[in-house]
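Peer 1: Residue numbers (the working numbering), protein chains in the order written: chain A, 337 to 629; chain B, 337 to 629; chain C, 10 to 387; chain D, 10 to 387.
The C-beta atom is built at its ideal place from N, Cα and C for all residues, glycine as well.
I'd like to ask you about the structure that follows.
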Amino acid sequence: MSILLDETNRILVQGITGHMGTFFVTDARRYGTQVIAGVSPGRGGASVDGVPVFNSVATACKETGADTAMVFVPPAAVQGATIESIEAGCRLVVATADELPVRDAIEIRAAARAYNARFVGPNSPGLISPGKAKMGFMPSFCYRRGDVGVISRSGSLSYEACKRLTLAGIGQTTVVGIGGDPVKGTTAAEALELFHADPETRAVLYLGEIGGSEEAAVAAYAARVDAKPVAALIVGATAPPGKKMGHAAALVGSHADSHEAKTRMLKHAGVQVAAGVSDVVKSTQAALAAARN
Amino acid sequence: MSILLDETNRILVQGITGHMGTFFVTDARRYGTQVIAGVSPGRGGASVDGVPVFNSVATACKETGADTAMVFVPPAAVQGATIESIEAGCRLVVATADELPVRDAIEIRAAARAYNARFVGPNSPGLISPGKAKMGFMPSFCYRRGDVGVISRSGSLSYEACKRLTLAGIGQTTVVGIGGDPVKGTTAAEALELFHADPETRAVLYLGEIGGSEEAAVAAYAARVDAKPVAALIVGATAPPGKKMGHAAALVGSHADSHEAKTRMLKHAGVQVAAGVSDVVKSTQAALAAARN
Amino acid sequence: MMILEYEAKDLLRSAGVAVPDGSVIRPGARALQAAARRIDSYPVAVKAQVRSGGRGKQGGVTRANDVAQLRAAAKRLFATTFGDEQPAALLADPWLVIDRELYLSVTVDGAAEGYVVLYSPRGGVDIESGAPPVRYPIGVPWRFRTHELRAILEPVEKDFQVRERVIALAQRLVETAAARDCTTIEINPLARLASGELVALDAKVVYDEWGHFRNRDIAEQRAGIRRRADRLLKACLDMQHMYVRLDGDIGLISGGAGMTMAAMDMIRRYGGRPACFFDCSPGPTSTRGYRPAIAMLDADPQVKVILVSIFGGGTQMQRVATAMKENMPMRRSGKPVVFRLDGTHVDQVPGILATFGARNHDCLEDAVREAVKLARRA
Amino acid sequence: MMILEYEAKDLLRSAGVAVPDGSVIRPGARALQAAARRIDSYPVAVKAQVRSGGRGKQGGVTRANDVAQLRAAAKRLFATTFGDEQPAALLADPWLVIDRELYLSVTVDGAAEGYVVLYSPRGGVDIESGAPPVRYPIGVPWRFRTHELRAILEPVEKDFQVRERVIALAQRLVETAAARDCTTIEINPLARLASGELVALDAKVVYDEWGHFRNRDIAEQRAGIRRRADRLLKACLDMQHMYVRLDGDIGLISGGAGMTMAAMDMIRRYGGRPACFFDCSPGPTSTRGYRPAIAMLDADPQVKVILVSIFGGGTQMQRVATAMKENMPMRRSGKPVVFRLDGTHVDQVPGILATFGARNHDCLEDAVREAVKLARRA
């Protein structure tokens, strides 16, 4: 199994006629993903790579049975497009865009909650359930099917870590990029709950950063008696305090946010913490070994 | 019977320790109104004229069984206080304050809708069900129990008109001041529906003004085949176009808002339209006569 | 409280809406010289900054092709009166080549229970005579949905690029109206340039004056209006009185907007002419507000008679009567005052009025008839 | 994007929050003279306008009892460096007599799914050392409820008048944060005066730079930062690159915030020191952004080696390699460049790099080891 995404998701692409939309259609379908509809207001009736384009999400869902949305529109339009899909009944909506105002992410999150939908993003690489489907631009060769769930605040870092896992023979159930922004569609805590409920996932690798409170939720999960084993990498050991490291949330604001404090807290909760990206395989192997007992 | 308010309403007063709050307690109780609790944050434990004061509406409702709120707080605090009562489960909330920003009235109205509560105000004299209870500062001697429902956009005008009805022997079921602001807690259309459903109310007197679209709703009701007879007075025949006449909504913005257009529309719908305040008794009598047939 | 076009455009600019890069010109030769130096490309549209509608039809917008024409236009416009308003400023906007004129506004609407968006693909001065704009009722501002507005625009706006830009703009206007306590933001015309860009060529913004406590723009507007008022009106505005000058001779002091209009209507019905709409309903206890009201009407040469008509609920009548009694000795004018007080504690009124030789009319008709008679005689 | 204290206070003032009526002083004798003329009552608090924290503890706030002391304070403060920042302005606020210092802030918080209000009855410089503030999580701004915040404040703030003022203020701050795209508005200290009034003595506001399209304040801030940057950094900022200067000698060009930090951490682990955090992840097609990045590091005398480490998904690696190839002939510096490209279409990379004599490292460890070795040698 996997979480959120598998071969059954029927995906529509908002902004399908743009650069990123068309690139996604080709790449995702090559991977076996069911991309069945596109939405581009004013372009209804056209088609992209054989995928029919509609003027609205509601029409696309009605005509094609789409239940999942991938959003590629300019940052100022992301809130409107995402909420359109949520209100049209999509169960999963992914918006990878960065440059989304936090204010808009807050509204999207509230809409998703009201409609019992799942939102992944913003400022995220998306998610992939290896061997089944992908919603994002992650390089497919970095992944293989397996039994480790991966949660990442950063896109490239998840490619790097998963490639290392894959080369070491460790496959993934689902790799979900929760994104680097302070208000997330899906938090680490929520992704952990999903992996917890997924019978195929035996251990979780969490790729975190300095700043924010996401890591506290990971430690809280790991400390549960029924928790699945967790491995983690926290980057930013060398970041100076008080400077924002690219991601809006990656800023050491107080002592609790620092690399040292987070590492200590995670270790205390029983998490296998990697000393650096070189050690993610070793830490994940340790978590899997714990799962075997 | 009556609408919204009768001797069963258990009323709490927000801002009971202020000038208007204490004046209201004395006056309303003298009329027989059940004022059973007060709310004034930080003054919990005190009492005003024997009425116990609480720090929050939730506590007041729990301790006294209050189900109706009268709000006397400064304009900037009205939104918060009103929504507190709505969310605490009050079925009727009255805020007579003027100077309430429209933006706040919009939020209050939405909250009332979400909680299925009734909000009367802002910028309104409140309401009275003669012989039963009053929520407002209307002079009690102007009213008597009877079978005409009165709806008014203006406070003083409703005193004037009701005194004339009362002197002429025409009593009222309920007199509801819907207020002069563009976004109302209770609209004329909603008040009409309530009077329509009230078996004791045999005819309705509507006191309107230039500007706004309230009068269109009155005409729409009167044109229904099952409508109760309606009399109306529209003031502002002598107001120049483009000038705001005190009430935020009393501004002739287009031809449809004008006194002439409104009068014509109401007459066309079968409403007994009074030529001036001197004729309200005559028009109401005509409406009652129609009710007798 | 409506603000001027250039102020409205400043507000729009601050919210990220495209407006022409214009220059404000104040009266006086120096200010004109400074503006002429700032303007580096012609032609420009020179626009009188007044609140009155129909400015364009009254010649309030002129094209100037060079500095000389700018000077001539400024001279003429500063000397012109629009409605009852003389421009305190002009706005010189670059003269843009327009592909199409649209109409877009956000306003507060009772039926919508809040904000409503109005759009028409044909804007401009003749907006009233064309097909009515389409309506998108929103209610609370955070209920705005781009896909709902899109569905409403589709039947009337065929250019999907314009449609998408209008949707983004409408969202911006709703957010701005909510954040800055505006009851209306109207862009007419909203110009589509050849590049596809939408620019607000003219803008009308109405502030909700009761939002002043959280909005410095509104507070400053209010302060500005009070500052510009003369001493007597200023005292009335300080009391929160609502005053609108009319063209008659009966100075009506009343309480409550509806009752004031009812009295105005009755004055006219009895053959008189009201000199003002003057709503002096203060809080239930303060009655000192009547002094500046009477002082202002006493000083107004147009007013021949003062009619005080109050029907009070929270306003207690013995207090109003006492306030009147205290005011009388300070009056210099001999204008007659007719009283009709009714409402809470009215039984105490006749006695108080009698102390200064006045009497109370039991009903409004009698008081109005008396006032009309006195005005005819004066 | 944090703004300066006086800018933050301007924002608060516009939202109806009470702030001291201070004067901004720019560098230079003339500006000081003008400020001295404006200030008509002493003492004043002279405050260095810098973004760095802990200004107070570094002597960045001084009391001046007269003009002479104001001059002396200005001279000293303009010559002082706080963190790595020299003040571009001072703020002279009237010295208020304070009854109590409180703490109030509104910030964005992931756990709250949006805005959160923080309050402490004891604010001031030592806020971090006292009991943590109470939290009111709101989420969407329109979910703010005065009665909910009141219930949270009751246990910690015993003065009910202060409590009510704090509630009103908090609501104002939430509305302002939402309307103006602020991720933090912090008032510390919020001063209670003897009159009971609450005044924002110091304020910190962080704008969300991605809200620039609907907020001119933010757009101007961004433009200002770009304007003040030198030519090379400006080109990088124009490309949306994220650059933070560090104190090492290995110039790291990377993609993605997490991956960039991972590479920084690895450099340190192998005994090297990164010269910067430099995230150059452009859109999936644009690759010309690498040119200004390399030019900037070439020009930086602190940088001895350039390490290009990109793991691309949407960013296709053959395009990155080609961009590098095109950049190389334009370089004047002989600084070595170490490459580690991986991700989409990486199979085409070695061939392209070979055309200009470079080679690609298969794994990050090798590339970092090489960069550290070269930096030691240089």
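Measuring from the CB of ILE227(C), is there a heavy atom of the ligand ADP at a distance below 6 Å?
Peer 2: The ligand ADP is not part of the structure shown, which contains no ligands of any sort.
Peer 1: Of the choices ASP403(B), VAL609(B) and GLU529(B), whose alpha-carbon is the least far from that of VAL512(B)?
Peer 2: Residue GLU529(B) is the option with its Cα nearest to VAL512(B).
Peer 1: Opposite GLY123(D) in the DSSP bridges: which residues?
Peer 2: The partner list for GLY123(D) (beta bridge, DSSP) reads ASP118(D).
Peer 1: Look at the alpha carbon of ILE12(C) and the alpha carbon of LEU316(C), and state the distance between them as a whole number of angstroms.
Peer 2: Computed Cα separation, rounded: 33 Å.
Peer 1: Looking at the unbroken alpha helix (DSSP H) that takes in GLN67(D), where does it start and where does it end?
Peer 2: Per DSSP, GLN67(D) belongs to no alpha helix (DSSP H) and is neither H nor E.
Peer 1: For VAL314(C), count neighbouring Cβ atoms within 10 angstroms of its own Cβ and tell me buried if that reaches 16, exposed if not.
Peer 2: So VAL314(C) ends up on the buried side.
Peer 1: Under the assumption that LEU373(D) contacts ARG349(D) (Cβ atoms under 8 Å), give the Cβ distance between them as a whole number of angstroms.
Peer 2: With 8 Å as the limit, LEU373(D) and ARG349(D) qualify as a contact, their Cβ atoms being about 6 Å apart.
Peer 1: With distance defined between alpha-carbon atoms, name the residue in ALA101(C), TYR51(C), LEU178(C) and TYR124(C) nearest to VAL26(C).
Peer 2: The shortest Cα separation from VAL26(C) among ALA101(C), TYR51(C), LEU178(C) and TYR124(C) belongs to LEU178(C).
Peer 1: How would you label GLY292(C), buried or exposed, when you count the other beta carbons within 10 angstroms and need 16 or more for buried?
Peer 2: Legend: pLDDT at GLY292(C) = 46, less than 50; position of this residue unreliable, value from coordinates given subsequently. Exposed, by the Cβ-count rule.
Peer 1: I want to see whether chain C comes within less than 7 Å of TRP104(D), judged by CB atoms only; does it?
Peer 2: No - not a single Cβ of chain C is within 7 Å of the one on TRP104(D).
Peer 1: So which residues on chain A does GLU206(C) lean against when the C-beta distance must stay under 9 Å?
Peer 2: Residues of chain A passing the Cβ test: none, with the nearest at roughly 15 Å.
Peer 1: Against chain D, does ARG181(C) count as a neighbour if the rule is that its beta carbon must be under 7 Å from one of theirs?
Peer 2: Yes, ARG181(C) counts as interfacial toward chain D.
Peer 1: Using 8 Å as the threshold, is the region 173-189 of chain C in touch with the region 93-107 of chain C, meaning 3 or more CB pairs across them?
Peer 2: Too few Cβ pairs lie closer than 8 Å, so no.
Peer 1: Could you tell me whether any Cβ in chain D is nearer than 7 Å to the Cβ of PRO535(B)?
Peer 2: Not one chain D Cβ lies under 7 Å of PRO535(B).
Peer 1: Hey, could you find the ends of the beta strand (DSSP E) LYS520(B) is sitting in?
Peer 2: Note, LYS520(B): premise wrong, no beta strand (DSSP E); not H, not E.
Peer 1: State buried or exposed for GLN508(A), treating a residue as buried only when at least 16 other CB atoms are found within 10 Å of its CB.
Peer 2: Per the 10 Å Cβ criterion, buried.
Peer 1: Helix, strand or coil for LEU337(C) per DSSP?
Peer 2: Contrary to the premise, residue 337(C) reads as Met rather than Leu in this sequence. MET337(C): helix per DSSP, three-state reduction.
Peer 1: Considering only the alpha carbon of each residue, which of LEU182(D), PRO345(D) and GLY352(D) lies closest to GLN327(D)?
Peer 2: When each option's Cα is compared against that of GLN327(D), the closest is GLY352(D).
Peer 1: Once you ignore the five residues that flank VAL28(C) on each side, which residues in its own chain have a CB closer than 6 Å to its CB?
Peer 2: Same-chain partners within the cutoff: LYS18, LEU21, ARG22 and ALA209.
Peer 1: For GLN508(B), which three-state DSSP category applies?
Peer 2: In the structure shown, GLN508(B) sits in a strand (DSSP, three-state: E or B).
Peer 1: Closest Cβ-Cβ distance between GLU374(C) and chain B: below 7 Å?
Peer 2: Yes, contact with chain B.
Peer 1: Would you kindly report the start and end of the unbroken alpha helix (DSSP H) that includes ARG240(C)?
Peer 2: ARG240(C) -> alpha helix (DSSP H) spans 240-247.
Peer 1: From ARG500(B) to GLY485(B), what distance separates their C-alpha atoms?
Peer 2: Their Cα atoms are separated by approximately 14 Å.
Peer 1: Measure from the alpha carbon of GLN325(D) to the alpha carbon of each residue in ASP307(D), CYS285(D), LYS344(D) and VAL358(D), then state which is nearest.
Peer 2: Comparing Cα positions, the closest option is VAL358(D).
Peer 1: Helix, strand or coil for ILE48(D), going by three-state DSSP, please let me know.
Peer 2: The answer is coil: DSSP assigns ILE48(D) none of H, G, I, E or B.
Peer 1: What does the alpha-carbon distance come out to for the pair ASP288(D) and SER594(A)?
Peer 2: Computed Cα separation, rounded: 20 Å.
Peer 1: Counting only beta-carbon separations shorter than 7 Å, does THR377(B) have a partner in chain D?
Peer 2: The identity of residue 377(B) in the sequence shown is Pro, whereas the question assumes Thr. With 7 Å as the cut-off, PRO377(B) counts as an interface residue toward chain D.
Peer 1: Take TYR51(D) and list the residues in its own chain whose beta-carbon comes closer than 6 Å to its own, dropping the five residues that flank it on each side.
Peer 2: ASN74 and ASP75.
Peer 1: Can you look up THR344(B) in the DSSP assignment and give me helix, strand or coil?
Peer 2: If DSSP states are grouped into helix, strand and coil, THR344(B) belongs with coil.
Peer 1: Does DSSP put LEU436(A) in a helix, in a strand, or in coil?
Peer 2: Three-state result, LEU436(A): coil.
Peer 1: By how many angstroms is the C-alpha of VAL115(C) removed from the C-alpha of VAL215(C)?
Peer 2: Whole-angstrom Cα-Cα distance: 11 Å.
Peer 1: Closest to ALA597(A) by CA distance: which of SER619(A), VAL571(A) and GLN621(A) is it?
Peer 2: It is VAL571(A) whose Cα lies nearest to the Cα of ALA597(A).
Peer 1: In whole angstroms, give me the CA-to-CA distance for ILE227(C) and ALA24(D).
Peer 2: Taking the straight line joining both Cα atoms gives about 10 Å.
Peer 1: Report all residues from its chain with a CB closer than 8 Å to the CB of LEU246(C); omit the five preceding and five following residues, and keep chain order.
Peer 2: Taken in chain order, the residues that qualify are ILE234, ARG235, ALA238 and TYR252.
Peer 1: In chain order, which continuous runs of the beta strand (DSSP E) of length 3 or greater are located wholly inside the region 414-497 of chain B?
Peer 2: Listed in chain order, they are 428-431, 454-456, 462-465, 469-472 and 481-488.
Peer 1: Taking only the alpha-carbon atoms, compute the straight-line gap between GLU551(B) and MET10(C) and give it to the nearest angstrom.
Peer 2: One C-alpha to the other measures close to 24 Å.
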